[in-house]
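Below is one structure, written out as structure tokens; comments come after it.
2 protein chains.
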Amino acid sequence: KLKETASQILCAAPWTLLLPEFTAAEHLCGHKGQLKISWLLFVFFSSDIEISRAQSPKAVDVLAKEIGLLTDEVEIYGQTKAKVRLSLLERLKDQPDGKYVLVAGITPTPLGEGKSTVTIGLVQALTAHLNINSFACLRQPSQGPTFGVKGGAAGGGYAQVIPMEEFNLHLTGDIHAITAANNLLAAAIDARILHENTQSDKALYNRLVPVVNGVRGFSAIQLARLRRLGISKTDPGSLTEEEIHKFARLDIDPSTITWQRVVDTNDRFLRKITVGQANTEKGFVRQAQFDIAVASEIMAILALTTSLQDMKERLGKMVVANDKKGEPVTAEDLGVTGALAVLMKDAIKPTLMQTLEGTPVFVHAGPFANIAHGNSSVLADKIALKLVGEKGFVVTEAGFGADIGMEKFFNIKCRASGLIPSVVVLVATVRALKMHGGGPNVTAGAPLKKEYTEENLQLVADGCCNLQKQIQITQLFGVPVVVALNVFKTDSPAEIDLVCKIAKQSGAFDAVPCDHWSAGGRGAVKLAQAVEKAANQKNSFKYLYSLELPIVEKIRIIAQKVYGAQDIELSPAAQSQVDRYTRQGFGNLPICMAKTHLSLSHQPERKGVPTGFILPISDVRASIGAGFIYPLVGTMSTMPGLPTRPCFYDIDLDPITEQVKGLF
Amino acid sequence: KLKETASQILCAAPWTLLLPEFTAAEHLCGHKGQLKISWLLFVFFSSDIEISRAQSPKAVDVLAKEIGLLTDEVEIYGQTKAKVRLSLLERLKDQPDGKYVLVAGITPTPLGEGKSTVTIGLVQALTAHLNINSFACLRQPSQGPTFGVKGGAAGGGYAQVIPMEEFNLHLTGDIHAITAANNLLAAAIDARILHENTQSDKALYNRLVPVVNGVRGFSAIQLARLRRLGISKTDPGSLTEEEIHKFARLDIDPSTITWQRVVDTNDRFLRKITVGQANTEKGFVRQAQFDIAVASEIMAILALTTSLQDMKERLGKMVVANDKKGEPVTAEDLGVTGALAVLMKDAIKPTLMQTLEGTPVFVHAGPFANIAHGNSSVLADKIALKLVGEKGFVVTEAGFGADIGMEKFFNIKCRASGLIPSVVVLVATVRALKMHGGGPNVTAGAPLKKEYTEENLQLVADGCCNLQKQIQITQLFGVPVVVALNVFKTDSPAEIDLVCKIAKQSGAFDAVPCDHWSAGGRGAVKLAQAVEKAANQKNSFKYLYSLELPIVEKIRIIAQKVYGAQDIELSPAAQSQVDRYTRQGFGNLPICMAKTHLSLSHQPERKGVPTGFILPISDVRASIGAGFIYPLVGTMSTMPGLPTRPCFYDIDLDPITEQVKGLF
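For the protein sequence lines, the chains are L and R, in the order given.
Just so it is clear: in the first sequence, position 9 is 9 by the UniProt record's numbering, and no numbers are missing.
Just so it is clear: in the second sequence, position 584 is 584 by the UniProt record's numbering, and no numbers are missing.
Below you can see the structure in the form of structure tokens.
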């Protein structure tokens, strides 16, 4: 009864309505029968941050108790965030997993079609309205775009993670830890080259293996390097000159360095720089670049790792350059594995937050969706699947359209985790479908053309080819798909019906319109019901390709079966990289395509379902620690810029109330 | 009784002794009669991190309660760290302050003489042994040196902050927040120059003041800029072309940019770089540099600010460059003040930790001691002075020797806070005194010469001139001084007596040997008693110079009265900067000398008390937001490097126990 009243208050309040009073309501729902959601709703305002602020989040220790965490499994960070320790996985190892739902999307407009709000709306509906335990697992947003063009990324309207300013700012410091680890490794590379170039073998060796308090010994990481070099000695005095040479010199070829420095700032002037120009660096200048922090391979590792031990191994395996003989040089060779693991020891723990309706959310990792796999962490999903219990649901999200984010989710993330997804929710909007049907360009910042704000059934019908294709891509993996039509107020009932009809005809298990953005969880109840049914369907999940296939063959399978390309064409540089990685023993890794998300093809302007194109592979790179090869389809920017008028013009802090303004 | 037993266990255990059992003890002491210190001591190991780990810290929420914090004044970060909200200052505003003690030092060897361990030993003695409420306020160490040469900075032996790995690593993210804020501003500068150079006045204005949902308006920060420009209009459509030009163009002269990017990593290859070399930046390359994060002016601001409002104002006032007319361009002009304040909103809250003996510590801010003032935060001191109560003690520390850190503490930090120090503790070692007396060079990494390990009364007696001079410097400020002789095991009783005798003859209120490093608080009980007595002495604290004096005059006073220089000599560049700052209205700021800490003079090799030298001022710079002018005496490196064998070779993480190894 209480719950119903609360929901009604929430749903009866259109988000733009200005009410002169506020209403408090409290409702109970079914997280193990004990999830008590207290909330206080002020419907005074209309922007995302104002909605976020109007809801007082419950204390995170209360939330942690509600979802069954023990006190020593939780590390509180202030009132609204907590890190969850991995020991929980050991405690709950015999607990069966819940259902695993992926939210993906059709090929989007540059504005995005609302996968995050669907994810949050869906768990709000499941937990707070259908009494089914559920968890949302989301990516941590980069701080760069928050102050640049994009603004925050906590969902929106009445389907948000709160407090959104905590979600969008430092959170619990994971991206900062990645930055620190990434840049320590970068500094170690250049410093090592300088030291090797300015010292004899003997001097180098004496410094690397010094006498300390009269004793000379190798450190553990140096002994490991000796073993890799086939030297079984442990007494520093017993190495031959040749062995000293092999041990002390990494002999890095500066022109092959692939490890870049990072900052979590949109700083376009760092896209190409020259480093080492001070006199102290003795002329060892070279050209380099900074990427945005979330493009670091360490972020991709954080998202894919399954334990502290596994993370440490992956960090050690990261290849940063080749030596002058063409052999890979790793973080382990530089002696920095342990330090990187130390810097990342807290970042490996997922961060617990809550939705606007008080249901639990994990925020953990946010790798790039082009040069990396664009999915939140394996560990958050695994922990959440234990916490929700066998009948519960974990909902996570894949970056970009299903052709990119979902394909990587299945072939890379599910391979790393061993988890089997139950359902795919494919998010579509009438707006994006009209664009695919031949509607005019959609550009961020410019007002939408009338085709998008008035009914146009023909454009919708024509554009559904993209939806149909993305449904077919999902079916390649044997997982049932539910289409979630994210409804805007300008969508007509006929347009909505048409999309749902075509979706079902195209093989979707179901297709339902959703109003979570304006109505919260209640607006996604039908979607939640459809997802619950679909999760009980027969599931014949399979990967798209075998890892044993040659690199080029794996790329071709993705290009043809997923993108619909006629074939692929490798540049000579790409072919030579493929040959190199194969020779170096990295041929059995999965593929992480770096392709535009604005088209199924490599050409952003080709909407709908392009055919007959040859996908050009300009280069091929590798993230050996993360565990994938990434072919570049065109150039990918790894450092956004600031526009003439960045978001920060509107961002302010009230020094009295300590409230953040202008984040949205 | 219990307390005594506990102390005896602690003190009876020499830090190198290997005991086959561990002992648990619990004792009560007098923090408002309720400070209950639980501790568990394993004396298995000998390195700092092993001592740190052997002591289980009490839960930080327990500590917070013991020292009288209310639940809503504390933001817990994990089990052992918490941030304290500034609202406490309002609640306790009528509470009288405690005594305020500064720990400074004589001119040190490159190894440092133990100011941090004295600070911690002293509060351990006061609180856990003399039942007097006390607080240590320390600087947060930079993460760069932790992985480079220096290792951790949490004190050492039995006078440590624990857990030392938390202290030395990310802590609660303040330095990361500074990095983010600093680099957002840096990115904004270059992006703004690019946008101004590639757009007409009109295009620039249209982008800066766009039509949003049919409405065009200035943001709050833009209205403030209009007011500064003397334009009182508020309708964007009403500006004249000239006003649009003035408003839209900052017209930054790239050659005058003083704002640098930062990373918290020892990355020597970033000391001098060229940025903007990608095609997207259209040829606007320029030479720049990265500093280590703690060298950021934002760090200096964090250390000097007194409230959120004050911090926001200081951030806005930071001068980043001059325009082409020679007028200063500020963060406020770039529209980024609010965003910087938002990024720093949590960093402004001091972090609560504890000593090895369970007494409270604030860790907050850690500005460079050369280009900045090298003192921890005003806010931590202010909060701690309220918490300890009228009879309690707050002990804080100033970087480098008293000629640098203490002088800045008095003239810069005390001016910002309005607080009046009660006592100065001047730390000396027999080792440093012998060096000043003509002993051989002391170098980091090399074994000490026998002069330092065998009794040599003559060297000690000759070197006491430096101690005497530093005592005299302290007396310039009218504050009583207690000399703390930090005893090493090689110091002979005669050497120790000699130093104490000379110190007292030279005007010290008292001089006592301390064994806190090997014996914890018990080893500093005599020091604590002397400090308590000195705090009741007549105190006639005064600043060294009036702010109204011309910049050059203020520099001369410091050089002559503190350093003992005959005079100063400004380079033409320095003189022209002085003229510029004076003209720009910044002449009334205090002075923050950037001078070597290894000599009272500008020449590191001149030990003892150099005389007859002319102090050369090569350049003069300004941190307008932090609020000081900093003359450069020689070149100051603002970016350390990594040696051939960095500390990280020994740092590792045990993936099973999650313990950090090799930090020390």
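Idealized CB from N, CA, C, for every residue including glycine.
Straight-line gap, R/PRO110 to R/PHE400 (C-alpha atoms, nearest Å): 10 angstroms
Closer than 9 angstroms to chain L by CB, R/VAL342: Yes, because at least one Cβ of chain L sits closer than 9 angstroms to the Cβ of R/VAL342.
Contact set for R/VAL487: own chain, Cβ-Cβ below 7 angstroms, skip 5 residues either direction: ILE496, PRO513, CYS514 and ASP515
Test item: CB-CB of R/VAL531 and R/VAL101 under 9 angstroms: Yes, these two residues count as a Cβ contact at 9 angstroms.
L/ALA444 classed as buried or exposed, judged by whether at least 16 other C-beta atoms fall within 10 angstroms: Classification for L/ALA444: exposed.
9 angstroms Cβ cutoff met for L/MET318 and L/ILE298: yes
Cβ-Cβ distance between R/ARG228 and R/GLY335 below 9 angstroms: no
Residue ranges of each beta strand (DSSP E) within the stretch 392-461 of chain L, 3 or longer: 393-397 and 423-428
Integer-rounded CB distance, given that R/ALA574 should sit under 8 angstroms from R/ARG618: This sequence places Ser at residue 618 of chain R; Arg is not what is there. Rounded, the Cβ-Cβ distance is 6 angstroms, consistent with contact.
Beta-bridge partners of L/SER623, as assigned by DSSP: L/PHE628
Check: L/THR127 C-beta below 8 angstroms from any heavy atom of the ligand PLP: For the ligand PLP, the structure offers nothing, since it holds no ligand at all.
Separation of R/MET311 from R/ARG621, as counted between CA atoms: 21 angstroms
Completely contained alpha helix (DSSP H) runs for the stretch 457-524 of chain R, where each covers 4 or more residues: 457-476, 493-505 and 516-519
Test item: CB-CB of R/ASP567 and R/LEU632 under 9 angstroms: no
DSSP-derived helix/strand/coil call for R/GLN581: Note that residue 581 of chain R is Tyr in the sequence shown, not Gln. Of the three classes helix, strand and coil, the one that applies to R/TYR581 here is helix, per DSSP.
L/ALA528 to L/ALA188 span [Cα, whole Å]: L/ALA528 and L/ALA188: Cα-Cα distance of roughly 50 angstroms.
CB contact check: R/ASN266 to chain L, cutoff 9 angstroms: yes
Neighbour flag for R/SER56 against chain L, beta carbons, 9 angstroms: No, R/SER56 lies away from the interface with chain L (no Cβ there is under 9 angstroms from its Cβ).
Minimum Cβ-Cβ distance from L/ASN539 to chain R less than 9 angstroms: no
Any C-beta of chain L under 9 angstroms from that of R/PHE42: For R/PHE42, the pLDDT reaches just 33, beneath the cut-off of 50, and the residue's location in the model is therefore unreliable, leaving the point undetermined.
Three-way DSSP call (helix, strand, coil) for L/CYS592 in this model: coil
Contact between the stretch 355-371 of chain R and the stretch 383-400 of chain R (3+ Cβ pairs under 8 angstroms): Yes, the stretch 355-371 of chain R touches the stretch 383-400 of chain R.
Presumed contact (8 angstroms Cβ cut-off) between R/LYS115 and R/VAL103, rounded CB distance: Sure, about 5 angstroms apart at Cβ, within 8 angstroms.
Exposure label - R/LEU208; buried when at least 16 CB within 10 Å: buried
Rounded separation between R/PRO236 and L/VAL363 - CA only: Cα to Cα, the separation comes out at about 41 angstroms.
Range of the contiguous alpha helix (DSSP H) that encloses residue 731 of chain L: Chain L is shown only over 1 to 664; residue 731 of chain L falls outside these bounds and no answer can be derived.
Where the alpha helix (DSSP H) containing R/GLY144 begins and where it ends: 143-146
Straight-line gap, R/PHE541 to R/ALA82 (C-alpha atoms, nearest Å): Looking at the two C-alpha atoms, the distance is approximately 34 angstroms.
Residue-level contact to chain L via CB, R/ILE651, 9 angstroms cutoff: yes
Completely contained beta strand (DSSP E) runs for the stretch 253-313 of chain R, where each covers 3 or more residues: 261-263, 273-275, 286-288 and 290-292
Those runs of the beta strand (DSSP E) which lie wholly inside the stretch 196-235 of chain R and span at least 3 residues: none
Secondary structure of L/ASP652, DSSP reduced to three states: strand
R/GLU390 classed as buried or exposed, judged by whether at least 16 other C-beta atoms fall within 10 angstroms: It counts as exposed.
Alpha-carbon spacing of L/GLN95 relative to L/THR359, whole angstroms: 21 angstroms
Residue closest to R/ASP323, alpha-carbon to alpha-carbon, out of R/MET344, R/GLN354, R/LEU250 and R/SER296: It is R/LEU250 whose Cα lies nearest to the Cα of R/ASP323.
R/ASN466 beta carbon less than 9 angstroms from that of R/LEU433: yes
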